[in-house]
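Before any comments, here is the structure.
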Amino acid sequence: MSKENPYDDFKISDLGDRLARLQRVAQAMDIPILVIIEGFESSGRGRLIRHLVQNQNPKYYDVQVFDYPKDPKGTSPLMKPFWLHSPKKGDLQIFDRSYYFDFFNDLKMSQEEEEERVQTYEAFEKALYDDYTVVVKFFLNISWEGQEENIDAYLDCHRRSIYVDCLDSQQNKNYEAYRSRFARLINRTNFAFAPWYVLDADQGKDSSRQALGILLEEVQRGIERVAVKREEGVRIKRSYKPQAFRPLDQVNMDLALSPEDYDKKKGPLQEAVADLAMAYYENHIPIVLVFEGVDAAGKDGAIKRLIKKVDPRLKKTHAISAPDETEKAHHYLWRFFRRLPEDGTMAIFSRSWYGRVMVERVEGFATDNEWERAYGEMLEMERQLYKKGYLVLKFFLTIDKDEQLRRFEDRENDPDKQYKITEEDWRNRDKWDAYMDAMNEMLERTDTDFAPWIIVPGNNKPYARIRVMEEFLKYGKSHLDQVLKKEVLY
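Using the working numbering, read the sequence shown as starting at 433 and increasing by one per residue.
Structure (structure tokens):
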């Protein structure tokens with residue numbers, strides 16, 4: 433980046449006014465803006481943030497301060513807090529420190545973890561960018577002498593001394609080691625869609641002028657990108673080619689279980705599920721269970737039997753329907769990160785993020801580009817969960833078209849079941865073939881070792897319910913052994 437600052441002749445207040453006007457345009461166009469501020473300690477992050485927001489409408493910006501994660505090796509997904517604080521459409525979100533903070537400052541981080549972090553950060557920023565978020569990253573660079581001078585000045589001021597801690601002096605004493613690491617990692621994470629801009633903090637207010645000018649340019653580019661929506665005008669080139677024999681075509685729909693065998697197996701299996709859930713809780717290993725399937729295939733019935741004897745304090749079932757207005761104002765994955773479990777508890781999703789590539793695809797609620805890229809985004813989320821030790825299992829319950837019709841009619845004729853049937857169910861049935869295409873592609877493209885799909889034939893409800901419990905126990909016991917042997921966590 434050129435050392436010349438084309439904004440030297442501007443007043444900070446004038447640049448702030450221009451940014452405020454441009455942000456109002458972004459707000460009207462539902463364009464989110466994420467500004468990440470990293471840098472040497474005692475380099476003036478607070479001053480920069482103050483200059484960035486001083487002319488902004490307080491209703492439409494937020495500053496979130498992050499520090500070292502309290503438990504970096506805990507079970508919370510690395511990016512969860514950053515997803516939760518990602519900007520909603522039209523807002524400006526500033527991260528004072530971010531997921532880069534401990535990444536930059538951990539001089540002993542292993543090469544393996546470093547690679548994992550770079551992949552994770554790139555996926556997060558690309559997902560936001562693809563959702564039309566403007567992502568700008570500033571790094572405040574400062575000389576050794578400048579940092580030492582600032583530390584002394586901060587310590588001499590009661591109001592500012594709280595901002596100095598051991599990391600400030602540690603960086604100053606090991607300045608070259610930190611400077612070298614910062615430069616290398618900035619280069620590794622300088623993505624075209626989310627670039628780093630290195631500011632010279634020794635220049636004081638001039639660095640703020642430069643940051644304001646850069647942000648003006650980036651927001652303007654973001655506005656132009658949304659206005660043109662060039663991506664939507666380009667026909668996507670899909671590399672996907674369906675298998676000769678699709679997954680749902682291979683399911684034996686005749687599998688059944690007698691009522692007697694069902695009653696005999698159900699109780700012991702439910703006890704075993706409860707015991708396994710408790711073992712996960714005692715070892716602080718969270719569980720995520722996804723239930724998808726053909727309408728009326730029996731998802732809720734299978735869920736009810738699976739968790740019947742699990743301690744209610746250890747489980748939470750999420751019935752996923754159309755997003756509300758708050759959820760629509762964020763990236764579609766935001767509402768699922770909010771619902772992820774921690775500390776050994778269990779989250780069950782009746783419908784899930786996979787609606788993006790099924791109902792949203794078939795009904796046209798997501799564009800071709802949006803649902804096509806969602807395959808990779810969803811798998812990346814699941815990969816991150818697995819890396820933190822989560823058990824991630826995905827059940828797909830299927831029935832044939834004749835059985836679905838029988839169940840629909842049964843629901844219409846039974847007053848106690850009428851709440852289960854809607855006009856939307858009948859409309860979806862009219863698009864059976866389109867849904868089958870979408871479901872088969874989803875199963876093919878998102879079945880992984882770390883988050884497998886378990887396809888369950890559901891024409892016979894007793895068989896399906898027992899099968900779900902048996903598969904949960906099989907995969908759950910194996911995964912627990914792997915985690916306890918440290919074969920999963922990085």
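Note that beta-carbon positions come from the ideal geometry of N, C-alpha and C, so glycine has one too.
Original post:
Taking just the CA atoms, how far does L516 sit from A896?
Top reply: Here the question's residue 896 lines up with position 464 in the sequence shown. Here the question's residue 516 lines up with position 84 in the sequence shown. Their Cα atoms are separated by approximately 36 Å.
**OP:** Have a look at A624 and Y672 and give me their C-alpha separation to the nearest angstrom.
**Re:** Taking the first residue of the sequence shown as 1, we reach residue 624 at position 192. Taking the first residue of the sequence shown as 1, we reach residue 672 at position 240. Distance between the alpha carbons of A624 and Y672 is about 26 Å.
**OP:** Please report how far the alpha carbon of G636 lies from the alpha carbon of N573, in whole angstroms.
**Re:** Numbered from its first residue, the sequence shown carries residue 636 at position 204. Numbered from its first residue, the sequence shown carries residue 573 at position 141. Straight-line Cα distance between these residues: approximately 11 Å.
**OP:** Name the residue from G808, N582, L721, K605 whose alpha carbon lies nearest to the alpha carbon of A633.
**Re:** By one-based count along the sequence shown, residue 633 stands at place 201. Per the Cα distances, N582.
Original post:
Is A559 buried or exposed, if buried means 16 or more other CB atoms sit within 10 Å of its CB?
Top reply: Looking up residue 559 in the sequence shown gives position 127. Classification for A559: buried.
Original post:
CA-CA distance, D440 and L644?
Top reply: The residue given as residue 440 occupies position 8 in the sequence shown. The residue given as residue 644 occupies position 212 in the sequence shown. Their backbone Cα atoms lie some 11 Å apart in a straight line.
Subject >> For E544 and Y922, the rounded distance between their alpha carbons >> reply: Locating residue 922 in the sequence shown gives position 490, counting from the first residue. Locating residue 544 in the sequence shown gives position 112, counting from the first residue. Note on Y922: pLDDT 42, under 50, position unreliable in the model; the coordinate value appears next. C-alpha separation (whole angstroms): 8 Å.
**OP:** Just the C-alpha distance for V915 and K820, rounded to the nearest angstrom, thanks.
**Re:** Residue mapping note: residue 915 aligns to position 483 of the sequence shown, counting from 1. Residue mapping note: residue 820 aligns to position 388 of the sequence shown, counting from 1. In a straight line, the C-alpha of V915 is about 9 Å away from that of K820.
Original post:
Can you list, in chain order, the residues of its chain whose CB lies under 6 Å from that of A806, leaving out five sequence neighbours each side?
Top reply: One-based indexing of the sequence shown puts residue 806 at position 374. Cβ neighbours of A806 beyond the five flanking positions: R788, V789.
Original post:
Applying the criterion that 16 or more other CB atoms from any shown protein chain within 10 Å of the CB defines a buried residue, is L689 buried or exposed?
Top reply: Locating residue 689 in the sequence shown gives position 257, where the first residue counts as 1. Flag for L689 reads buried.
**OP:** Over the uninterrupted alpha helix (DSSP H) stretch that includes G776, give me the two end residues.
**Re:** Taking the first residue of the sequence shown as 1, we reach residue 776 at position 344. Neither: G776 is in no alpha helix (DSSP H) and is coded neither H nor E.
Original post:
Could you give the distance in angstroms between the alpha-carbon of L811 and the alpha-carbon of H716?
Top reply: In the sequence shown, counting from the first residue as 1, residue 811 sits at position 379. In the sequence shown, counting from the first residue as 1, residue 716 sits at position 284. The straight-line gap from Cα to Cα measures roughly 23 Å.
Subject >> Start and end residues, alpha helix (DSSP H) containing L701 >> reply: Translated into positions along the sequence shown, residue 701 becomes position 269. Taken as a continuous stretch (DSSP letters only), the alpha helix (DSSP H) holding L701 covers 691-714.
Original post:
Taking DSSP as the reference, what is the three-state secondary structure of A669?
Top reply: Mapped onto the sequence shown, residue 669 falls at position 237. At residue 669 the sequence reads Lys, which differs from the Ala that was named. In this structure, K669 counts as coil in the three-state DSSP scheme.
Subject >> As assigned by DSSP and simplified to three states, the class of D441 >> reply: To locate residue 441, count along the sequence shown from 1; it is residue 9. DSSP places D441 in coil when its eight states are reduced to three.
Subject >> Cα-Cα separation between I780 and R670, rounded to whole angstroms >> reply: Your numbering for residue 780 matches position 348 in the sequence shown. Your numbering for residue 670 matches position 238 in the sequence shown. For I780 and R670, the distance between alpha carbons rounds to 32 Å.
**OP:** Provide the residue span of the alpha helix (DSSP H) that contains L837, from first to last.
**Re:** One-based indexing of the sequence shown puts residue 837 at position 405. Element bounds for L837: 833-845.
Original post:
Quick one: what's E546 bridged to in DSSP?
Top reply: The residue given as residue 546 occupies position 114 in the sequence shown. For E546, which the question treats as bridged, DSSP gives no partner whatsoever.
Original post:
In three-state DSSP terms, what is P744?
Top reply: Numbered from 1 along the sequence shown, position 312 holds the residue referred to as residue 744. Residue state, collapsed to three classes: helix.
Original post:
According to the neighbour-count rule (16 or more other Cβ atoms, all chains shown, within 10 Å of its Cβ), is R839 buried or exposed?
Top reply: Numbered from its first residue, the sequence shown carries residue 839 at position 407. By the neighbour-count rule (16 or more Cβ atoms within 10 Å), R839 is buried.
Subject >> Within the region 590-674, ranges of the alpha helix (DSSP H) (whole runs, at least 4 residues) >> reply: 598-605, 607-620, 637-660
Original post:
On the premise that E724 lies in contact with K826, defined as a C-beta separation below 8 Å, what is that separation, rounded to the nearest angstrom?
Top reply: Locating residue 826 in the sequence shown gives position 394, counting from the first residue. Locating residue 724 in the sequence shown gives position 292, counting from the first residue. Confirmed, Cβ separation roughly 7 Å.
**OP:** Kindly indicate which residue of N872, S784, A761 has the alpha-carbon position closest to the one of L680.
**Re:** Numbered from 1 along the sequence shown, position 248 holds the residue referred to as residue 680. For L680, the nearest C-alpha among the options comes from N872.
Subject >> Cβ neighbours of W576 in the same chain (closer than 7 Å, five flanking residues each side left out) >> reply: Sequence index remark: in the sequence shown, residue 576 carries index 144 (1-based). Contacts found: N604, Y607.
Subject >> Through-space distance from D732 to E774, alpha-carbon basis >> reply: The residue labelled residue 774 in the question sits at position 342 within the sequence shown. The residue labelled residue 732 in the question sits at position 300 within the sequence shown. Taking the straight line from one Cα to the other gives about 23 Å.
Original post:
Taking C-beta to C-beta, are F571 and G476 nearer than 8 Å?
Top reply: Numbered from its first residue, the sequence shown carries residue 571 at position 139. Numbered from its first residue, the sequence shown carries residue 476 at position 44. No, these two residues do not count as a Cβ contact at 8 Å.
**OP:** Counting only the same chain and skipping the five closest in sequence on each side, list residues whose C-beta sits under 8 Å from that of W766.
**Re:** The count along the sequence shown starts at 1 and reaches residue 766 at position 334. Around W766: W515, L516, S518, E759.
Original post:
If we count the other Cβ atoms within 10 Å of its Cβ and call it buried at 16 or more, is D449 buried or exposed?
Top reply: On the sequence shown, residue 449 is found 17 positions in, with the first residue counted as 1. Its Cβ having fewer than 16 others within 10 Å, D449 is exposed.
**OP:** Using three-state DSSP, classify D446 as helix, strand or coil.
**Re:** Counting from 1 along the sequence shown, the entry for residue 446 is found at position 14. D446: helix per DSSP, three-state reduction.
Original post:
Does the count of Cβ pairs from the region 741-749 and the region 535-542 closer than 8 Å reach three?
Top reply: no
Original post:
Using the C-alpha atoms, what's the distance from I468 back to R479?
Top reply: As a first step, residue 479 is located in the sequence shown; it is residue number 47 there, counting from the start. As a first step, residue 468 is located in the sequence shown; it is residue number 36 there, counting from the start. Answer to the nearest angstrom: the Cα atoms are 14 Å apart.
Subject >> Length of the line joining the Cα atoms of M433 and I646 >> reply: Reading the sequence shown from its first residue, position 1 is the one you call residue 433. Reading the sequence shown from its first residue, position 214 is the one you call residue 646. Low per-residue confidence applies at M433: pLDDT is 42, beneath 50, and the placement is therefore not dependable enough to give any value.
Subject >> Proximity winner among D834, D846, E835, Y818, relative to T552 (alpha-carbon distances) >> reply: Taking the sequence shown and counting its residues from 1, the one referred to as residue 552 is at position 120. The shortest C-alpha separation from T552 is found at Y818.
Original post:
Name the DSSP bridge partner or partners of L516?
Top reply: Locating residue 516 in the sequence shown gives position 84, counting from the first residue. Answer is none; L516 lacks a bridge partner.
Original post:
From which residue to which residue does the beta strand (DSSP E) around F571 run?
Top reply: For this step, residue 571 is matched to residue 139 along the sequence shown. That run of the beta strand (DSSP E) goes 566-573.
Subject >> Inter-residue CB distance, G908 and L823 (contact presumed, cutoff 8 Å) >> reply: Mapped onto the sequence shown, residue 908 falls at position 476. Mapped onto the sequence shown, residue 823 falls at position 391. At roughly 6 Å, the Cβ-Cβ gap stays under 8 Å, so G908 and L823 are in contact.
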